[in-house]
Amino acid sequence: MFTYTEIALVPADSLEVYFLPFFQGGVYLKGEIGVSVIRFLVDQTQIDPEYLGKRIQTVFLDGKAVDGLDSAIVRDGSTLTLSAAMPGLLGATMRVGSHYASMRSQVSHQVDNSGVKSGEGRVLLKLYNLLIRELGPGLLRKGVWIAARRLGEFFERQPESFWSECEKARLNGCPVKAENIKNGPWTGEDVFLRLEEN
Numbered sequence: 042m043f044t045y046t047e048i049a050l051v052p053a054d055s056l057e058v059y060f061l062p063f064f065q066g067g068v069y070l071k072g073e074i075g076v077s078v079i080r081f082l083v084d085q086t087q088i089d090p091e092y093l094g095k096r097i098q099t100v101f102l103d104g105k106a107v108d109g110l111d112s113a114i115v116r117d118g119s120t121l122t123l124s125a126a127m128p129g130l131l132g133a134t135m136r137v138g139s140h141y142a143s144m145r146s147q148v149s150h151q152v153d154n155s156g157v158k159s160g161e162g163r164v165l166l167k168l169y170n171l172l173i174r175e176l177g178p179g180l181l182r183k184g185v186w187i188a189a190r191r192l193g194e195f196f197e198r199q200p201e202s203f204w205s206e207c208e209k210a211r212l213n214g215c216p217v218k219a220e221n222i223k224n225g226p227w228t229g230e231d232v233f234l235r236l237e238e239n
């Protein structure tokens, strides 16, 4: 018996573009918390550590700019925001390990590991600029959690062309007509959404 709703749509390659905007508002990832930002990203998203070091230039944890990806700890309910390089002085100031970090001391993440709990938890992941297209498709194939209300509103706005592109759909593991997905029934506040290859 499902205590949450799981939706799988096929094919991923033609549908992913519709779902990429979700990453700006954030999608939930469930996994081990009480670990460093870098460990969470590598373990839960399978982001290559080399890509992480070269491509992801700005990281915010709970609204604070992070410099130490290996010391900042992800907690249950944290919001993790990732961006590629941003232009100008602001971009240079917010960059991980920036020489200008002292200019943003009021908005920099301060390491405080007191009361850190390990275990299973939920983190809101937001992506910006180039990272949406570079990381979003892989995350959608792995599966992400989206607030049921938000996903329901999204489905209601989709034109017939969206539903005709869905070759197959499953609701809680059972095959259904794609257009029937939007009618539910859905269980829980969040929906686990995965796009699959044909």
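When we follow my numbering, the leftmost residue of the sequence shown carries the number 42, and every step to the right adds one. By construction, the Cβ of each residue, glycine as well, lies at the ideal position given by its N, Cα and C atoms.
Along the chain, where does the beta strand (DSSP E) containing residue i start, and where does it finish?
i, result
"K183", "Element bounds for K183: not the beta strand (DSSP E) but the alpha helix (DSSP H), L171 to K183."
"R116", "R116 -> no beta strand (DSSP E), and no H or E assigned at all."
"L121", "T120 to S124"
"L236", "D231 to L236"
"V107", "Per DSSP, V107 belongs to no beta strand (DSSP E) and is neither H nor E."
"T40", "Residue coverage of the chain in this structure runs from 42 to 239, which leaves residue 40 outside it and unanswerable."
Give the range of the alpha helix (DSSP H) segment to which residue i is assigned.
i, result
"G193", "A189 to R198"
"A219", "Premise fails: A219 is in no alpha helix (DSSP H) and is neither H nor E."
According to DSSP, is residue i helix, strand or coil?
i, result
"G75", "coil"
"Y92", "helix"
"G138", "Here G138 scores only 48 on pLDDT, less than 50, and its place in the model is too uncertain to base an answer on."
"W186", "strand"
"E208", "coil"
"A133", "With a pLDDT of 44 at A133, under the threshold of 50, the modelled position of that residue is not reliable, and the figure given next carries that caveat. Note: A133 maps to helix in three-state DSSP."
"T292", "Nothing in the structure corresponds to residue 292, since the chain is present only between 42 and 239."
"L61", "coil"
"G21", "Residue 21 lies beyond the range of the chain shown here (42 to 239); nothing can be said about it."
Taking residue i and residue j to be in contact with their CB atoms under 8 angstroms, please state how far apart those CB atoms are, rounded to whole angstroms.
i, j, result
"F64", "L171", "Their Cβ separation, rounded to whole angstroms, is 12 angstroms, which puts F64 and L171 out of contact at 8 angstroms."
"S119", "D108", "Actually they do not touch by this definition, with Cβ atoms about 17 angstroms apart."
"L93", "I79", "7 angstroms"
"D111", "I74", "Not really, about 16 angstroms apart at Cβ, beyond 8 angstroms."
"V51", "N239", "5 angstroms"
"G193", "K223", "7 angstroms"
"T46", "A189", "7 angstroms"
"L61", "R174", "7 angstroms"
"V76", "V115", "6 angstroms"
"G72", "D84", "7 angstroms"
"G67", "L165", "4 angstroms"
Buried or exposed, going by whether 16 or more other CB atoms sit within 10 Å of the CB of residue i?
i, result
"C215", "exposed"
"S202", "exposed"
"D231", "buried"
"F205", "The question names Phe, yet the displayed sequence has Ser at residue 205. Result: exposed."
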